[in-house]
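Peer 1: Structure in structure tokens, see below.
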Amino acid sequence: VQEQKLYTSIDEYLRSLETKIYINKIREEDIQRVAQLTQKTNQFNLTTKRYTETDIENMLYNDKYLIYIAAIRDKFGDNGKCVIAIVEKKDKRSVDIDTFIMSCRVMGRFIEDSVISYIEDDIKNMGFEEITAHYYPTKKNAPVKDLFERLGYTIINNEEVSGNKDYKFEFENAIIERKNLSTIIAN
């Protein structure tokens, strides 16, 4: 907080952190950490789906899934592997973001903007044309209830009673305005 007072804007402060995002598709040694994040993360967890190590291992060896993991480092230290996304290939033109999770210790830094942009670029380069995503509300994940709207996704279904929201992102029609205040390093 003291450090933050030295800057005239939050964006200037966030840039000063020199945040680096080390992202890659998971390897066998990441299975336990991915399962752990799905089990324990509540605030920044858009669908709150819980997976076991066996579930993650099965996804790792199934061509239908892409699982990304990111480690976050800044000038103050290493936050470890604390961001994951599980993407399911639906057909030749579309994928679905099944799970998107980030540890609360790195929330508020717009790291999600950089991570989603990286994943979108990767998916687009594979030839996919659209992404679907979801938000399923819980008592604890309200901080991310409007995340996909902020990232430029279109709401295609909004259930008023449950609060569940479904989204679509089409690369062809995308107008992307994101805060990229971090450096992505693909491993």
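Residue numbers (this note's numbering): 9 to 195.
In this text, a Cβ means the ideal position worked out from N, Cα and C, and glycines have one as well.
On a predicted model such as this, the values are computed, not experimentally measured, just so you know.
Using beta-carbon positions only, say whether Tyr161 and Ile31 come within less than 7 angstroms of one another.
Peer 2: Contact: no.
Peer 1: Do you know whose CA, among Lys176, Met134, Ile193, lies nearest Leu74's CA?
Peer 2: Checking every option, the nearest Cα to that of Leu74 belongs to Met134.
Peer 1: Leaving aside the five residues before and after Met67 along the sequence, list all residues of the same chain whose C-beta is less than 7 angstroms from its C-beta, in chain order.
Peer 2: Cβ within range, chain order: Tyr73, Ile75, Ile94.
Peer 1: How is the alpha helix (DSSP H) around Gln74 delimited, first residue to last?
Peer 2: In the sequence on display, residue 74 carries Leu and not Gln. Counting along the chain, Leu74 falls outside any alpha helix (DSSP H), though it belongs to the beta strand (DSSP E) covering 73-82.
Peer 1: Classify Val114 as helix, strand or coil using the three-state DSSP reduction.
Peer 2: Here Val114 sits in helix by DSSP.
Peer 1: Taking 7 angstroms as the threshold (C-beta atoms), are Leu189 and Asp118 in contact?
Peer 2: First, the residue type needs correcting, since residue 118 is Phe and not Asp in the sequence shown. Cβ distance < 7 angstroms, so Phe118 and Leu189 count as in contact.
Peer 1: Applying the 10 Å Cβ sphere with the 16-neighbour rule, what's the burial state of Tyr69?
Peer 2: With fewer than 16 Cβ atoms within 10 Å of its Cβ, Tyr69 is classed as exposed.
Peer 1: Have a look at the DSSP bridge pairing and note the partners of Tyr59.
Peer 2: For Tyr59, which the question treats as bridged, DSSP gives no partner whatsoever.
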